[in-house]
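*Asks:*
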Amino acid sequence: MRKISLQCRECKKEYESTFKYICEECFGPLDVKYDFPNISKNTFSGREHTYWRYFELLPIQDKSNIVSIHAGMTPLIRAEKLGRKLGLNNLYIKNDSVNPTFSFKDRPAGIAVSKAKEFGLSAVGCASTGNLASATAAHAAKGGFPCYVFAPGDIEHAKIAQALAYGCKFIAVDGTYDDANRIAAQIGDSKGIGIVNINMRSYYVEGSKTLAYEVAEQLDWQVPDQLIVPVGSGAMLNAICKGFEELQNVSLLSSVSNMHMIAAQPHGCAPVVNAFKNNMSEVTPVENPNTIAKSLAIGDPGDGRYVLKRLKQYNGYAEESNNKEILDAILLLAQTEGIFTEPAGGVSVAVLKKMIDDGKIDKNDTTVCYVTGNGLKTTESIMEVLAKPEVMSADVAKIAAVVK
């Protein structure tokens, strides 16, 4: 059995791998640290096409504790038509909208629920802007856990319906995500519930780093030049960086120091972008997020300051896009590559376009744009810009006249 431990991101104090997420010395966040076994590219060949193919790089000690709904190994699509529109020769879309609950959240939720099983916890839950609610509830159902979801009351109805279908107890909070997060933290700690993105966060974030593993393997173990990542809490961007670094540490990749990380946020909730553009090392929270990209509407991002560090480390940028730009980008992606994404994916594509227009991305750079959720979850946001179908009488001649 390989050794894993927890290490404080700030003071570097180490702990045994237990149900713990805050450093006792400095109250910094704890990250999973590994003593990796010998790994080669052949280690993963012939394995199942889920993110569990990277078991040796993940924090579950016993495979019998894995709770899997077969997420991961989503397509990395060579976006030739979109690339021609934008002026890029090597554009790829990492399409996580096709995961079992239709967002990338299946990755961290699956790791956290599996670790809850390994710890012997009796219940799980989450604070969510929508996608994590569905992912956690689905994994809880598969693992046989009671599940409690704490979410702002204004999230999209489709996401509420999806989570409820899996059998969770859904607590709609009259407030923002940050209000729901605060309540979930207090209840989770007081009742011993594994709140996947709070008291299970050290393990939870490990799921998102598989977005780096898969991209590297799908690019035949090459490091992309540019990565555009949507940012809510910031955990995904930080985890993707960790994933690439770990592949370098086990000698599966050459140096990752030349890749560029681009943080994409929506106007109306862009605290990381604001801090980056003002050359600040700390993030000032947005008290009242106002954006159609509700899955990114996290005014006080838990990993915000670490995203800023990653942007500095990896020659990065941070940019925002407004509601119109987001909707335009959703349609652009759908009508070029046949991928229908929710607003968070629209944020990624809109920011990609801005980076190209600003000369931040060369036409020959290998560029990966992360699309993290499915558009069918958020149809109300896009309906206002779509043509309204006209109901016509069942008359062949009349209908033929309008078919060009």
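If you read the sequence shown in UniProt numbering, its first letter stands for residue 1, the second for the next number, and so on. Quick reminder that beta carbons are idealized off the backbone N, C-alpha and C, glycines included. Because the structure is a prediction, the values reported are computed rather than measured.
1. Which ranges would you report for the alpha helix (DSSP H) in the segment 63–133 if only whole runs of at least 4 residues count?
2. Alpha carbon to alpha carbon, how far is S202 from Y21?
3. For H139, which residues in the same chain have their Cβ closer than 7 Å to its Cβ, ignoring the five residues on either side in sequence?
4. Could you give the first and the last residue of the continuous alpha helix (DSSP H) run that contains V396?
5. Name the two residues that bound the continuous beta strand (DSSP E) containing C241.
6. Is DSSP giving residue 446 helix, strand or coil here?
7. Would DSSP call F276 helix, strand or coil?
8. Could you spell out the range, first to last residue, of the beta strand (DSSP E) harbouring Q265?
9. Mind checking whether S97 and G346 have CB atoms under 9 Å apart?
10. Are the Cβ atoms of S128 and I155 separated by less than 9 Å?
11. Roughly how many angstroms lie between the CA atoms of M392 and A400, to the nearest whole one?
12. Can you name the start and end residues of the beta strand (DSSP E) that S190 belongs to?
13. Using C-beta distances below 7 Å, list every residue in its chain close to C11, excluding the 5 sequence neighbours before and after it, in chain order.
14. Extract the residue ranges of the alpha helix (DSSP H) inside the segment 309–385, only unbroken runs of 4 or more that lie entirely within it.
15. Rounding to the nearest angstrom, what Cα-Cα distance links I171 and D31 in this structure?
16. Under 9 Å between the Cβ atoms of V196 and T136?
17. Going by DSSP, name the residue or residues bridged to D31.
18. Tell me whether P59 sits in a helix, a strand or coil according to DSSP, three-state version.
19. Sorted by chain position, which residues of the same chain lie with C-beta nearer than 7 Å to residue 478's C-beta, five sequence neighbours on each side aside?
20. Measure the alpha-carbon distance for G144 versus A158 and round it to whole angstroms.
21. Just to confirm the assignment, what range does the alpha helix (DSSP H) spanning L252 have?
22. Between A180 and the rest of its own chain, which residues show a CB-CB distance below 6 Å, the 5 nearest in sequence each way excluded?
23. Strictly by DSSP, which residues pair up with L227?
24. Based on Cα-Cα distance, which residue from S190, Y314, R182 and W221 lies nearest to I228?
25. Examine the Cβ distances between the segment 215–229 and the segment 320–330 and report whether three or more of them are shorter than 8 Å.
26. Should the segment 259–270 be regarded as contacting the segment 288–301, the criterion being three or more beta carbon pairs within less than 8 Å?
*Replies:* This is what the structure holds:
1. The alpha helix (DSSP H) runs lying completely inside the segment 63–133 and spanning 4 residues or more are 80–86 and 106–119, given in chain order.
2. So the two alpha carbons sit approximately 6 Å from each other.
3. These residues qualify, in order along the chain: V67, I69, A109, G110 and V113.
4. Counted as a single uninterrupted DSSP element, the alpha helix (DSSP H) harbouring V396 occupies residues V396 to V402.
5. Looking at the DSSP string, C241 is not in any beta strand (DSSP E); the run it does join, the alpha helix (DSSP H), is A235 to N249.
6. Residue 446 cannot be examined here, being either before or after the span of the chain that is shown, 1 to 404.
7. Three-state result, F276: helix.
8. Counting along the chain, the beta strand (DSSP E) containing Q265 begins and ends at H260 to P266.
9. Not a contact, by the Cβ cut-off of 9 Å.
10. I155 is positioned such that its CB atom lies closer than 9 Å to that of S128.
11. The alpha-carbon atoms of M392 and A400 are separated by roughly 11 Å.
12. The continuous stretches of beta strand (DSSP E) do not include S190, which lies in the alpha helix (DSSP H) extending over residues Y177 to K191.
13. Correct list, in chain order: C23, E25, C26 and G28.
14. For the segment 309–385, whole alpha helix (DSSP H) runs of length 4 or above, ordered along the chain, are 323–337, 343–357 and 379–382.
15. Taking C-alpha positions only, I171 is separated from D31 by approximately 29 Å.
16. Contact: yes.
17. Per DSSP, Q7.
18. P59 falls in the coil class under three-state DSSP.
19. Outside the modelled stretch of the chain, which goes from 1 to 404, sits residue 478, for which no answer is possible.
20. Using only the alpha carbons, I get a separation of about 23 Å.
21. Here L252 belongs to no alpha helix (DSSP H), and DSSP marks it neither H nor E.
22. Exclusion of the five residues before and after A180 leaves A127, F150, A151, P152 and V173 as the residues of its chain whose Cβ lies within less than 6 Å of its Cβ.
23. Bridge partners of L227: M261 and V368.
24. Nearest in C-alpha terms to I228, of all of S190, Y314, R182 and W221, is Y314.
25. In this structure the segment 215–229 does not lie against the segment 320–330, because fewer than three pairs of beta carbons, one per stretch, are closer than 8 Å.
26. Short answer: they touch.
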